[in-house]
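Since the structure comes first, as structure tokens, the remarks are kept for the end.
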Amino acid sequence: MGNYSDEIKNKFLAFKKWPKVFFKFGGVNVEAVDLQLHSNDIGNPGEVYGFDQEALKIYCKNGVVAITSVKFPGKKVIGSKDFFNSKRDIISRGDLLI
Numbered sequence: 000m001g002n003y004s005d006e007i008k009n010k011f012l013a014f015k016k017w018p019k020v021f022f023k024f025g026g027v028n029v030e031a032v033d034l035q036l037h038s039n040d041i042g043n044p045g046e047v048y049g050f051d052q053e054a055l056k057i058y059c060k061n062g063v064v065a066i067t068s069v070k071f072p073g074k075k076v077i078g079s080k081d082f083f084n085s086k087r088d089i090i091s092r093g094d095l096l097i
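Per numbering that gives the first Met the number 0, the sequence shown starts with residue 0, numbered consecutively.
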């Protein structure tokens, strides 16, 4: 139970407005503003599948979810292209996000 892609998507939709959805990045709580189901590839849940101008893609138990826009504390919402351009040297495939 838990961490399946469809469950993550449903929880994201339920909590998107309040209390919001976050992941830890460099000790900072980053808000996931938009999330989509990406693929059925299997890997270690919470591990970065890929990071490019389309999205930050993260493994879950039965597939991959893609975070397509984020919001850092005190900043405005940025899309995946800006997120990638500003953090591409910090996030790599295989990194673990919680």
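All C-beta atoms, glycine included, are put in the ideal place defined by N, C-alpha and C.
Looking at the secondary structure, which residues open and close the beta strand (DSSP E) in which residue i lies?
i	result
F24	21-24
F50	47-50
Shortest alpha-carbon distance to residue i belongs to which of the options?
i	options	result
R87	T67, P44, W17, F50	F50
S100	I66, E46, K8, G62	No answer is possible for residue 100: it lies beyond the span of the chain, which begins at 0 and ends at 97.
D81	Q52, L96, Y58	Q52
In angstroms, rounded to a whole number, what distance separates the CA positions of residue i and residue j?
i	j	result
K26	N43	It is worth fixing the name first, because residue 26 is Gly in this sequence and not Lys. Looking at the two C-alpha atoms, the distance is approximately 21 Å.
K19	V69	11 Å
G93	F83	16 Å
G73	W17	17 Å
First and last residue of the alpha helix (DSSP H) that includes residue i?
i	result
D81	79-86
Indicate whether residue i and residue j have their beta-carbon atoms separated by less than 7 Å.
i	j	result
L96	F22	yes
Three Cβ pairs or more, each shorter than 8 Å: is that satisfied between the stretch 71-78 and the stretch 5-16? no
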